[in-house]
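Report on the structure given below.
Numbering (UniProt numbering), first residue to last: 1 to 503.
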């Protein structure tokens with residue numbers, strides 16, 4: 001790797017570190033933030049994005065370096081070291097930090113005193129070890145029943161069985177790929193839950209314009225409903241002293257709801273006043289930029305969706321061996337793919353392709369954050385954590401970090417689907433003869449001249465992510481059902497009893 005390439009890569013990595021720090025400070029509760037959480041968060045997210053930004057370096061070195069065999073060995077080692085670093089961060093460092101903070105908080109709440117650092121470290125390590133044992137047990141079960149593992153446990157052949165299980169002959173290549181597949185599978189579930197929601201809904205949210213008159217009518221209607229509920233409760237009793245505790249709590253909730261609606265109504269009145277002054281011109285300009293950003297984001301989402309669809313269709317209909325080899329194409333990119341074509345074009349002018357990959361990763365990150373903020377971190381229908389600016393606990397930031405590591409790893413795998421031509425061979429060409437000239441490298445060309453990138457060689461059998469594609473479309477339909485005022489019902493947030501139950 002030459003000095004210029006190293007310098008460019010280091011600059012991008014430094015920018016990533018700074019942006020991760022800014023993001024952390026924007027969301028976390030400042031009075032609860034700790035140095036441990038800050039370091040773990042920045043280190044984990046930065047490592048993940050560094051892996052994404054190294055892909056263009058892999059393509060560039062594959063094209064430029066004369067001693068390609070040595071270069072590919074070094075790149076392969078880098079990918080493996082980055083993968084194991086991410087595994088360590090996601091499944092050891094982040095859980096340890098999470099348990100450390102939880103122990104500290106629970107001890108303080110119970111005994112109103114701080115737990116000693118040494119005791120906390122020991123307790124956190126114990127819980128982390130239990131967590132690791134659980135994951136190791138699941139991994140071994142998966143390795144035993146994975147496709148391709150044919151040798152069964154027989155007496156006298158225990159060593160052969162273990163050697164085949166962990167693929168010792170190939171330095172554990174098969175086992176590593178299987179484990180990476182498991183990690184990516186977890187990431188796909190996060191991608192479906194959060195990223196696809198953000199890809200579909202973030203552009204629409206930016207394009208939406210607030211209708212003040214509609215909101216005012218909505219507030220008036222809610223006020224009437226609340227008054228009716230309060231009147232029904234009070235009607236059951238002759239004097240206020242006779243009111244039961246449950247009904248008193250319901251009245252308190254109703255009054256709290258009224259205050260919230262009053263605040264919202266006051267904000268609407270302020271917006272109406274500013275619309276009649278010079279401030280409205282500034283707000284109009286700001287809204288124009290918001291709409292423009294929404295249109296750009298909508299274009300990005302459409303391009304990603306269409307590129308995924310084109311690549312999946314291409315692989316399904318034109319693969320030489322279908323599911324048996326992971327839908328490999330002998331002639332890559334037979335259908336037009338905008339993301340692939342753009343990356344192919346910009347890779348001619350390195351490092352512009354790094355900017356494109358960085359923009360794609362940043363957009364996926366923004367969409368994922370939007371999905372997590374709106375949906376909340378949850379297991380199926382059970383909500384666990386909410387991400388809010390300046391109100392997020394350090395533990396939630398660590399869980400968010402765990403989720404994002406897996407989502408970005410899925411992005412790395414998805415690039416093999418979204419931009420197969422770019423990720424596999426880049427702009428490599430092979431000369432046939434003077435009449436035909438140069439043609440693009442593919443699986444049909446001489447493998448000694450056309451060298452595949454290390455990433456594509458390592459993950460040839462990775463298949464397309466069908467679930468995010470389907471979920472992306474479903475998210476558009478689901479978004480149409482959302483209310484304009486809020487994504488969640490205010491009545492449900494306040495735990496108010498339904499009007500029918502009161503009657």
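The beta carbon of each residue, even a glycine, is placed where N, CA and C say it ideally should be.
Relative to the C-alpha of residue i, which candidate in the options has its C-alpha closest?
i           : options           : result
residue 52  : 359, 294, 77, 104 : 359
residue 393 : 20, 368, 30, 21   : 30
residue 202 : 369, 184, 26      : 369
residue 219 : 265, 91, 11       : 265
residue 4   : 89, 60, 375       : 60
residue 77  : 92, 58, 415       : 58
residue 205 : 428, 451, 291     : 291
residue 97  : 122, 74, 81       : 122
residue 361 : 6, 315, 54        : 54
residue 43  : 90, 32, 26        : 90
residue 102 : 136, 414, 395     : 395
residue 521 : 181, 258, 37      : Residue 521 falls outside the range modelled here, since the chain spans only 1 to 503, and no answer is possible.
residue 104 : 85, 138, 36, 230  : 36
residue 412 : 106, 428, 181     : 181
Looking at residue j and residue i, is the spacing between their C-beta atoms short of 9 Å?
i           : j           : result
residue 338 : residue 303 : yes
residue 194 : residue 407 : yes
residue 183 : residue 87  : yes
residue 454 : residue 79  : yes
residue 365 : residue 385 : no
residue 251 : residue 417 : no
residue 246 : residue 237 : no
residue 93  : residue 28  : no
residue 128 : residue 83  : no
residue 380 : residue 56  : no
residue 397 : residue 48  : no
residue 371 : residue 198 : yes
residue 347 : residue 426 : yes
residue 260 : residue 223 : no
residue 207 : residue 298 : yes
residue 13  : residue 46  : yes
residue 62  : residue 388 : no
residue 415 : residue 377 : no
residue 33  : residue 26  : no
residue 512 : residue 243 : Outside the displayed range of the chain (1 to 503) lies residue 512, so it cannot be described from this structure.
residue 216 : residue 135 : no
residue 140 : residue 354 : no
Secondary structure at residue i, three-state DSSP: helix, strand or coil?
i           : result
residue 313 : helix
residue 197 : helix
residue 503 : With a pLDDT of 34 at residue 503, under the threshold of 50, the predicted position of this residue should be treated as unreliable, and no value is reported.
residue 425 : coil
residue 440 : strand
residue 383 : strand
residue 377 : strand
residue 392 : strand
Taking all protein chains shown into account, do 16 or more other C-beta atoms lie within 10 angstroms of the C-beta of residue i, making it buried, or fewer, making it exposed?
i           : result
residue 22  : exposed
residue 118 : exposed
residue 343 : buried
residue 221 : exposed
residue 419 : buried
residue 233 : buried
residue 424 : buried
residue 422 : buried
residue 241 : exposed
residue 124 : buried
residue 310 : buried
residue 457 : exposed
residue 95  : buried
residue 20  : buried
residue 441 : buried
residue 6   : exposed
residue 300 : buried
residue 16  : buried
residue 315 : buried
Uninterrupted beta strand (DSSP E) stretches inside the stretch 35 to 84 (no shorter than 3 residues): none
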